[in-house]
Structures are given as C-alpha cells and as structure tokens.
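Colleague:
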Amino acid sequence: MAIKELPREEYLLPGHAACAGCGASIALRLTLKALGRKTIVVVPACCTSIIQGPWPRTAVTIPLMNIMFEAAAACAAGISAGLKARGIKDVTVIAWAGDGGTYDIGIQALSGAAERGDNILYICYNNQAYMNTGIQRSGATPFGARTTTTPVLGKREPQKNMPLIMAAHGIPYVATATPAFPMDLMRKLRKAASLEGTKYVEILSPCPPGWRFPADKTVQMGRLAVQTCAWPLWEAEWRDGRQVFRLTGPSRLIAECPELKLPVDAYLAAQGRFRGMRPEEIQAVQKQVDTWWEQLKRLAGMA
Amino acid sequence: MEELRTYRDWPIAPISKPTEGALGLTGTWRTFRPIINKDRCIKCLMCWLFCPEAAIGVGEDGGPTINYDYCKGCGICATECRYGAIEMVREEEVIA
Amino acid sequence: MALMAEKGWRSVFVTGNHAVAWAVKTARVQVVAAYPITPQTTIVEKIAEFVEKGELDAQYIRVESEHSAMTACIGAAAAGARAFTATASHGLALMHECLWWAAGARLPIVMAVVNRAMGPGWNIWTDYCDTMAQRDLGWIQVYCADNQEVFNSILQAYKLCEDHRVLLPCMVDLEAFILSHTYMPVRIPPQDEVDDWLPPYKPAWSLDPDEPITHGNLVYPAHYMEHRYLMQEAMERVRELLPKVGEDYRRRFGLTGLDFIETYKCEDAELLILTMGTMGVEARITVDKLRERGIKTGVARVRVFRPFPVEQVRQLAEGVPMVVVIDRHISYGAEGALAMETRWALYGLEERPLITSFIAGIGGRDVTWRDMERMALKAHEWMSKGEARWGIWYGVRGLEVA
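Chains as they are written, first to last, in this note's numbering: chain A, 54 to 356; chain B, 55 to 150; chain C, 4 to 405.
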C-alpha cells in the first residue's frame with residue numbers, strides 16, 4: 054500500500070500529553086491507522102496512560118479501557134469474552150502495554166492468555182525501561198543502559214527476549230516492528246488482527262528523554278536499531294502445522310547481504326544512556342546482538 | 055465540554071470524550087517551529103506519517119500542512135524529510 | 004408461598020458452593036472467570052460442568068490467578084456482559100487492587116466469597132477476616148447463613164447491582180465448610196420466571212466503537228472527589244433499594260428476600276446478641292436457653308454489612324440496656340468490625356446501651372450455642388454491674404474469660 058493510500062483518519066488526536074518526539078506515539082498513531090475504527094484498546098499503567106490526557110478529555114478516538122499495571126492481557130481477554138457472549142463480532146480487541154507491563158509485572162497475565170489462546174492482539178510498545186515513572190530499568194532494558202535504578206554502573210544483565218518467549222508459547226502470530234519502518238509495522242498489525250487466537254506484536258519505541266538523544270532523532274534511532282540487528286524485524290506464524298519464522302524488511306536484506314549489517318558502536322554512541330560504557334562492555338553487547346541474530350537466522354532458515 | 059458545577063454533572067464513572075487538544079494547546083511547548091518549503095516539497099507525506107502528534111495534516115493540494123496549535127517542535131519531520139523541504143526555525147516570540 | 008410441586012420449580016439438595024453455581028446458571032451469567040482456591044473450588048467446577056454440558060451459555064475463562072479473574076470480569080462487564088467469579092481468603096486478598104477498580108468503574112459484578120482465614124500458617128476454615136478487610140472499597144457485602152439464602156442473594160445481587168441507581172459490585176459471602184460444603188435443600192424458581200424478573204444486563208456505559216469513550220484516565224484532585232462521592236451516594240441509595248429488591252423477590256417467588264438484619268425475639272429483649280452468619284442462626288438456641296433462665300434475650304443477625312445498616316441497628320438497640328457483639332473478625336490494634344461499626348452507629352443515641360464485644364471463631368474455631376451462651380452470660384454479669392468490655396478474645400488458651 055502506498056503512503057498516499059493510507060487512511061487519513063486520525064485515531065490519536067493532536068494536543069496529547071506525550072513528550073515531543075515520542076516514539077510510542079508514532080507507534081500508536083500508526084497502529085490505530087492500521088487497525089481502524091472497530092477496535093477496542095486496553096491500556097495498563099504506562100506512558101500511554103498519561104498520553105491520553107486528563108479527564109474529561111482523551112486524545113484517543115476508539116474505545117479505551119485503562120486498567121491496572123499487570124492486567125492488560127486479562128482485561129483484554131475479558132472484553133473479548135464479553136463481546137463474544139453478546140454475539141458482537143468484527144471488533145478487534147487489543148492490549149497496548151509498555152515493556153514494564155509486559156516483560157515484568159504483566160508477563161503472567163500475558164502468558165496465561167497466550168496459553169488459553171484468548172482472542173486478543175497484544176501489542177507491547179517497548180521503550181526499554183519504566184519510562185512513565187521516570188526511567189527505571191525493566192526486564193527489557195539492554196545491557197549497559199543507564200537508568201535511574203542503574204545510574205552509575207548501567208544495567209548488568211541483558212534483556213529478556215520477549216518476542217521469542219511469546220513464539221515459544223506457540224501462538225498463531227508473533228512479530229517485531231518499529232515505527233522507522235511504518236509499512237512493515239502496519240502490515241504486521243493487519244495480519245495479526247486478521248487471525249484468531251492470541252497474537253503478539255512488539256514495537257521498539259525509541260524514547261528521547263529515556264535513551265537520551267535529541268527529539269528529532271526518534272525515527273533514525275529505530276532505523277539504526279534494525280540496521281545493527283539490535284532490533285531485528287521478524288514474524289512467526291503457523292503453516293501446515295509448523296511454526297515458520299521470517300525475517301522482514303531490512304532485516305531480511307541484512308541476512309542476505311551480511312555486509313549491510315552495521316556494528317552496534319554507532320547505535321550505542323548515539324544514545325546518552327550508554328555513555329560511560331567501557332570497550333569490553335560494548336563488545337559484550339555486540340556479542341549478544343550477534344548471538345541472538347545468528348539464532349534468529351537459524352530459526353528463519355537463513356543461517 | 056459540559057459544565058461541571060455540581061457532582062451531579064459528573065458522569066457515572068470516570069469517562070472521557072475524544073477531543074483535539076486533550077492537554078490543551080501543546081504548540082506552546084515549542085522552541086523551534088517547522089517551516090515547509092513548498093518549492094522543495096514533493097508531497098511524499100513522510101512527515102505526515104512520522105509526526106508523533108498528528109499535527110501534520112494533508113492539505114487540499116495533497117501536500118502536508120502543519121497545525122501549529124499542537125506542533126511540539128520535535129523536528130522529526132525536518133530530520134526525516136529527504137528533500138530538505140522542512141527547516142526548524144527558532145520561535146521569536148513567546149506564544150501566550 | 005410457592006409449592007414444591009409447582010411447575011418449573013426444582014428442589015436440589017446441594018452444598019452452599021453448588022447453590023452458588025445454580026444461581027449463576029439461573030441468572031444467565033455470560034462470562035465466568037475461574038480460578039481454584041479451597042474452599043470455593045467446587046463453585047467453579049460445577050459451573051464448568053454446566054457450561055460444558057451446554058446448560059449455561061457462558062464464556063468460561065480459566066484464568067491463571069485471582070487477580071486476572073477479577074480483571075477479566077472487569078473487562079467483560081465493561082464490554083456489556085454479566086460477569087461472575089468466586090474466590091476466598093488469599094485469592095480475595097490478591098485481587099484487592101482489582102476490587103477497587105471494579106467498584107470505581109461502577110461495574111455490577113457479583114462475586115461469591117467463601118469466607119476463609121488468612122495465613123500464615125495456612126488455614127482453610129472460616130472467619131470473616133478476608134472480606135472484612137475489603138469493606139472500604141465500595142462493594143456491597145452480603146453475609147449468608149444457609150444455602151437457600153446463598154442462592155437467593157446471588158440472583159438478587161444482579162438485580163440490585165445492575166440498577167442504574169446502584170451500579171456497584173457485590174460480594175455474596177458464605178462460610179468455609181459450614182455452608183460451602185454442607186448439603187441443604189435449595190428451591191430454584193422456574194427459569195422463565197427468573198428471566199422475566201431479571202432481564203439481560205443493560206450497561207450505563209460500555210466499550211462500544213460506535214460511541215467511543217476512554218474509561219479511567221488521569222483525574223486531577225480538582226475532580227476526583229466528585230467521582231468518589233457518586234459511589235458513596237450509590238451506597239446510600241442501596242439502603243432503600245436493597246430491601247425493595249428483597250421484597251420484590253419475596254412477593255414474586257415466595258422465598259426470603261434480601262434485607263439488612265434478621266431478628267429473633269428482639270422485640271422485648273433486654274440483652275441483644277448482635278452477630279453475623281451461621282452464628283446468628285445458631286444463637287437462637289442461646290436465646291431460648293437464656294430466656295429459660297429468665298434473661299430476656301434476642302439475636303440480630305446482620306446480613307448486609309455494606310452499606311452498614313446504621314438505622315436498623317439504632318432501632319434495634321434503642322431502649323435495650325445491654326448489647327453483646329460477637330465478631331468473627333479482628334482488626335489488629337482495634338477489635339472486630341461489627342463491634343466497631345455498631346459502636347459508631349449507636350454513638351448518636353440519647354440512651355446508649357452498654358456494649359460488650361467478643362472476638363470468636365477466628366481460623367474456623369467452632370462457635371456453638373453453648374459458647375455464645377457463656378459469652379452472653381459473662382457479658383450480662385459485667386454489664387449488670389455497669390461494666391462493659393471490648394474486644395475480648397473468646398476461647399484462647401490461657402485467657403480465662405467465660
């Protein structure tokens with residue numbers, strides 16, 4: 054689909070409360086454009102809880118249920134069941150949760166929903182820390198990142214590979230995306246919404262204040278994440294009884310032409326949260342990125 | 055928005071209605087404002103696509119138009135424009 | 004009075020838990036969230052049987068924790084469906100945060116709670132500490148004394164809560180094992196008559212793409228109090244609406260309807276025993292025994308704890324010289340909730356009775372009519388000398404009380 058053919062309707066209205074240059078807002082705007090009017094969204098405690106704006110106003114034009122931090126998946130499951138009980142079809146129920154509410158406190162409800170196959174599209178917009186409370190580390194924060202709870206030494210542990218964890222649940226569809234590649238993102242969301250069962254899409258959402266880069270570089274930062282394979286774009290779905298992994302967009306290109314893969318140095322250097330990392334720590338990040346990249350290529354049959 | 059004078063004017067539950075400017079005129083946040091150079095703009099609409107604020111609309115001529123009431127001046131549009139058609143210009147006056 | 008042989012009526016001999024399940028089926032609940040915890044598990048098991056056999060057309064979500072159980076109910080109710088779950092003790096405690104959300108969202112969810120003690124150590128027997136700890140949140144609380152009352156309460160709860168003048172959730176409470184696992188006869192009205200009396204749920208607000216709203220976003224201090232006051236106002240309306248629903252139910256089905264307090268021989272009582280649950284029924288024996296001894300006793304069983312029946316308690320206690328409160332609950336650092344709230348309710352009376360309050364039956368320790376007789380006699384002894392004591396733990400080894 055060409056950009057000019059994309060729906061003009063805005064489901065996230067201007068004048069909301071997000072920081073200038075917020076990656077999550079771009080992600081939300083594109084997500085809602087992809088899914089359309091007949092969507093109900095559940096938002097647990099996260100940046101988006103505030104982005105909506107204060108009562109009695111909201112910036113979101115589809116039905117939105119705010120819910121407790123760990124409860125997004127369970128609430129979405131309940132809404133889905135309620136609509137089914139009332140015979141209402143053709144409404145997509147989505148959860149829109151941050152990394153904290155997905156990797157950490159929300160993982161139980163999400164895993165439970167996935168195991169049950171509740172008919173929900175769970176979207177994690179990942180800005181790699183508890184940003185809403187002022188940049189604390191989460192299970193999604195990468196190794197070496199400075200946050201307010203890892204202020205001097207940086208995070209000592211690598212992040213969880215949540216998309217792979219969700220793929221291991223065997224659900225119908227798992228994908229990664231980032232707003233820097235908007236058509237890839239929107240295609241994946243539409244694909245996910247067309248399937249029955251639990252679907253998981255994780256959108257890397259660069260955060261200017263949290264990652265410490267100028268607000269105009271948000272899209273660029275996502276691009277760099279993909280180009281260095283720090284955030285590979287892939288999807289996993291089921292065909293003929295087998296789970297099939299596919300690299301998409303630039304990630305696919307990089308797998309075919311490894312010389313296009315950029316070293317992580319430029320990506321780390323562009324963000325203040327990685328300032329102070331020693332050379333051996335940068336090497337450790339490179340090693341981790343490479344290991345996960347090789348694993349992904351193997352899964353996608355492109356090793 | 056309806057007037058809220060007594061508790062009886064409140065809705066039954068904390069329910070909010072969709073509106074532009076949910077947090078007010080966020081254009082007042084700006085330090086720099088984006089200016090589109092129509093001569094260079096090829097109307098690819100990448101700026102429209104990437105604006106976190108939905109503050110860029112599509113005009114009658116199919117080209118981007120900026121809603122300065124809400125534009126926060128992040129500069130993503132200018133940085134992403136491959137044709138150098140958007141310039142970030144410092145705000146001269148205080149916007150009331 | 005409906006006859007057992009009347010067309011469409013069923014008579015079942017069931018545990019309190021199964022009475023709940025029958026009520027959920029009869030109420031045509033649309034979404035059930037299920038998680039096991041002793042001693043409520045047989046509630047959700049029986050409902051699963053109803054659903055899988057096609058006898059109840061409901062979505063049954065086998066959630067992975069009680070927190071998710073209540074959250075799923077919140078989602079379902081927000082989507083416009085009639086929702087139910089059941090829990091006890093730690094499960095209730097775990098969903099504490101969700102209970103706040105359900106009440107503040109004004110969703111008419113009904114939940115059965117099998118009153119069970121809190122750990123550590125693990126204790127599966129009854130006391131009221133679990134539900135009493137939740138009395139601040141805006142949930143209507145009904146405490147039952149037999150399985151028919153359990154069945155009746157669930158049906159009436161939906162009717163009451165779904166009324167747009169109420170729209171608060173309700174917990175229907177029954178004692179662990181004493182009711183949950185004890186068999187009693189329960190009469191079930193014909194389905195078509197219940198359908199007529201309890202129509203499908205019509206939400207006051209819901210998640211509808213044709214009328215999009217956001218629920219629960221940020222509310223500043225300038226606006227929050229009014230939202231919360233509306234909840235208090237709804238609770239106050241329940242004072243009037245609950246007995247009305249009860250009376251309506253009684254007239255329609257000939258079964259006992261909801262009301263705040265059940266009394267036995269209170270009219271001329273000089274000594275009033277005030278308690279809750281099955282203790283409130285067993286105490287009738289105590290009342291009769293004490294009357295044999297010449298002490299004019301009566302027992303009042305508080306059936307609805309939220310909203311607290313202030314007026315009814317005042318009317319009962321007016322002119323009664325002595326009141327004995329027996330709580331199956333303790334608020335550490337204070338005393339039992341029934342006693343504390345009774346004292347609050349009676350404070351404004353011109354002539355206040357002497358009140359002696361006991362804590363008994365914590366962790367499922369048995370409280371028989373003999374125990375209550377001992378408590379009442381001791382209290383009578385003290386109060387006859389003008390002495391009233393509060394928060395006395397009955398039956399603790401080493402504390403010689405009565």
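From the three backbone atoms N, C-alpha and C, an ideal C-beta is built for every residue, glycine too.
Residues of chain A with CB closer than 9 Å to the CB of residue 71/B, please, in chain order.
Modeller: For the purposes of this step, residue 71/B is identified with residue 17 of the second sequence, where counting begins at 1. The contacting residues are 109, 110 and 111.
Colleague: Across which residues does DSSP place residue 65/A in a beta bridge pair?
Modeller: Reading the first sequence from its first residue, position 12 is the one you call residue 65/A. Bridge partners of residue 65/A: 113/A.
Colleague: With H, G and I counted as helix, E and B as strand and the rest as coil, what does DSSP make of residue 98/B?
Modeller: Along the second sequence, read from residue 1 onward, the residue named residue 98/B stands at position 44. The answer is coil: DSSP assigns residue 98/B none of H, G, I, E or B.
Colleague: Take the Cβ of residue 4/C as the centre, count every other Cβ of all protein chains shown within 10 Å, and call the residue buried at 16 or more, exposed below.
Modeller: Start at 1 with the first residue of the third sequence, and residue 4/C comes out as number 1. Note that residue 4/C scores a pLDDT of 44, beneath 50, so its modelled location is shaky; the value from the coordinates is reported in the next line. Classification for residue 4/C: exposed.
Colleague: For residue 324/C, I'd like the list of residues in its chain whose CB is within less than 7 Å of its CB, leaving aside the five on either flank, ordered along the chain.
Modeller: For the purposes of this step, residue 324/C is identified with residue 321 of the third sequence, where counting begins at 1. Here the set comprises 273, 356 and 357.
Colleague: Give, in chain order, every residue of the stretch 189-213 of chain C whose Cβ lies closer than 8 Å to some Cβ of chain B.
Modeller: Going along the stretch 189-213 of chain C in chain order, one finds 207 and 208 with a Cβ nearer than 8 Å to chain B.
Colleague: Would you say residue 128/A reaches chain C, if we count a Cβ-Cβ gap shorter than 9 Å as a contact?
Modeller: Counting from 1 along the first sequence, the entry for residue 128/A is found at position 75. Taking Cβ atoms only, chain C reaches closer than 9 Å to residue 128/A, which makes this a yes.
Colleague: Can you confirm whether residue 228/A, when its beta carbon is compared against all beta carbons of chain C, has any partner nearer than 9 Å?
Modeller: The residue you call residue 228/A lines up with position 175 of the first sequence. No - not a single Cβ of chain C is within 9 Å of the one on residue 228/A.
Colleague: Going along chain A in order, which residues have a C-beta closer than 8 Å to the C-beta of residue 104/C?
Modeller: In the third sequence, counting from the first residue as 1, residue 104/C sits at position 101. Correct list: 120 and 121.
Colleague: Name the DSSP bridge partner or partners of residue 251/A?
Modeller: Against the first sequence, residue 251/A aligns to sequence position 198. DSSP, once it has assigned bridges, lists no residue as partnering residue 251/A.
Colleague: Tell me, which residues are paired with residue 257/A by DSSP?
Modeller: Numbered from 1 along the first sequence, position 204 holds the residue referred to as residue 257/A. 179/A, per the DSSP bridge assignment.
Colleague: Look at the Cβ atom of residue 64/C, then the Cβ atom of residue 26/C, and state whether they are nearer than 9 Å.
Modeller: Taking the third sequence and counting its residues from 1, the one referred to as residue 64/C is at position 61. Taking the third sequence and counting its residues from 1, the one referred to as residue 26/C is at position 23. Their beta carbons are not under 9 Å apart, which means residue 64/C does not touch residue 26/C by this criterion.
Colleague: Which value, in whole angstroms, describes the spacing of the CA atoms of residue 59/A and residue 244/A?
Modeller: Working through the first sequence from its first residue, we reach residue 59/A at position 6. Working through the first sequence from its first residue, we reach residue 244/A at position 191. Going from the Cα of residue 59/A to the Cα of residue 244/A covers about 16 Å.
Colleague: For the stretch 76-132 of chain B, which segments carrying the alpha helix (DSSP H) assignment without a break, of at least 4 residues, lie completely within its bounds, in sequence order?
Modeller: 100-104, all fully within the stretch 76-132 of chain B.
Colleague: Determine the contact status of residue 158/C and residue 222/C, defining contact as a CB-CB distance below 9 Å.
Modeller: The residue labelled residue 158/C in the question sits at position 155 within the third sequence. The residue labelled residue 222/C in the question sits at position 219 within the third sequence. Contact: no.
Colleague: Would residue 260/C and residue 150/C be called neighbours here (beta carbons separated by less than 9 Å)?
Modeller: Locating residue 260/C in the third sequence gives position 257, where the first residue counts as 1. Locating residue 150/C in the third sequence gives position 147, where the first residue counts as 1. Result no, Cβ atoms of residue 260/C and residue 150/C do not sit closer than 9 Å.
Colleague: Strictly under 9 Å for the Cβ-Cβ distance: is residue 82/A near chain B by that measure?
Modeller: Position 29 of the first sequence, counted from the first residue, corresponds to residue 82/A. It does; some Cβ of chain B falls within 9 Å.
Colleague: Check the C-beta distance from residue 304/A over to residue 272/A and give it rounded, since I have them as a contact under 8 Å.
Modeller: In the first sequence, counting from the first residue as 1, residue 304/A sits at position 251. In the first sequence, counting from the first residue as 1, residue 272/A sits at position 219. Rounded, the Cβ-Cβ distance is 17 Å, inconsistent with contact.
Colleague: Under a three-way DSSP split, which group does residue 218/C fall into?
Modeller: Working through the third sequence from its first residue, we reach residue 218/C at position 215. Of the three classes helix, strand and coil, the one that applies to residue 218/C here is strand, per DSSP.
Colleague: Please check if any C-beta of chain A sits within less than 9 Å of the C-beta of residue 98/B.
Modeller: For the purposes of this step, residue 98/B is taken as the residue at position 44 of the second sequence. Judged by the 9 Å Cβ criterion, residue 98/B is in contact with chain A.
Colleague: Looking at the secondary structure, which residues open and close the alpha helix (DSSP H) in which residue 376/C lies?
Modeller: For the purposes of this step, residue 376/C is identified with residue 373 of the third sequence, where counting begins at 1. Where residue 376/C is concerned, the enclosing alpha helix (DSSP H) stretches over 372-387.
Colleague: Determine the direct distance from the alpha carbon of residue 143/B to that of residue 86/B, and round the result to whole angstroms.
Modeller: As a working mapping, residue 86/B is identified with position 32 in the second sequence. As a working mapping, residue 143/B is identified with position 89 in the second sequence. One C-alpha to the other measures close to 5 Å.
Colleague: Buried or exposed, going by whether 16 or more other CB atoms sit within 10 Å of the CB of residue 103/B?
Modeller: For the purposes of this step, residue 103/B is taken as the residue at position 49 of the second sequence. Buried is the call here.
Colleague: Spell out whether any CB of chain C is found under 9 Å from the CB atom of residue 134/A.
Modeller: Along the first sequence, read from residue 1 onward, the residue named residue 134/A stands at position 81. It does: the Cβ of residue 134/A has a partner Cβ on chain C nearer than 9 Å.
Colleague: Can you tell me which of 94/C, 278/C and 208/C puts its alpha carbon nearest to the alpha carbon of residue 125/C?
Modeller: In the third sequence, residue 125/C corresponds to position 122, counting from 1. The shortest Cα separation from residue 125/C among 94/C, 278/C and 208/C belongs to 94/C.
Colleague: List the residues of chain A whose Cβ lies closer than 8 Å to the Cβ of residue 121/B, in chain order.
Modeller: In the second sequence, the residue the question calls residue 121/B occupies position 67. Those within 8 Å of residue 121/B in chain A are 67.
Colleague: Kindly indicate which three-state DSSP category residue 337/C falls into: helix, strand or coil?
Modeller: As a first step, residue 337/C is located in the third sequence; it is residue number 334 there, counting from the start. Of the three classes helix, strand and coil, the one that applies to residue 337/C here is coil, per DSSP.
Colleague: State yes or no: is the beta carbon of residue 89/B nearer than 9 Å to at least one beta carbon in chain C?
Modeller: Within the second sequence, numbered from 1, the residue matching residue 89/B stands at position 35. By this cut-off, residue 89/B is not an interface position.
Colleague: Do three or more CB pairs link the stretch 165-182 of chain A to the stretch 245-263 of chain A at distances below 8 Å?
Modeller: The answer is yes - the stretch 245-263 of chain A touches the stretch 165-182 of chain A, with three or more Cβ pairs under 8 Å.
Colleague: On the CB-based measure, 16 or more other CB atoms within 10 Å of its CB, does residue 108/A come out buried or exposed?
Modeller: Within the first sequence, residue 108/A is the residue found at index 55, counting from 1. By the neighbour-count rule (16 or more Cβ atoms within 10 Å), residue 108/A is buried.
Colleague: Could you give the DSSP three-state label for residue 164/C: helix, strand or coil?
Modeller: Start at 1 with the first residue of the third sequence, and residue 164/C comes out as number 161. Helix at residue 164/C.
Colleague: At a CB distance below 8 Å, what residues from the stretch 177-197 of chain A approach chain B? Give them in sequence order.
Modeller: Cβ contacts with chain B come from no residue of the stretch 177-197 of chain A.
Colleague: Going by the DSSP bridge assignment, what does residue 118/C pair with across the sheet?
Modeller: Taking the third sequence and counting its residues from 1, the one referred to as residue 118/C is at position 115. For residue 118/C, which the question treats as bridged, DSSP gives the partners 178/C.
Colleague: Mark residue 34/C as exposed unless 16 or more other C-beta atoms lie within 10 angstroms of its C-beta, in which case mark it buried.
Modeller: Translated into positions along the third sequence, residue 34/C becomes position 31. Flag for residue 34/C reads buried.
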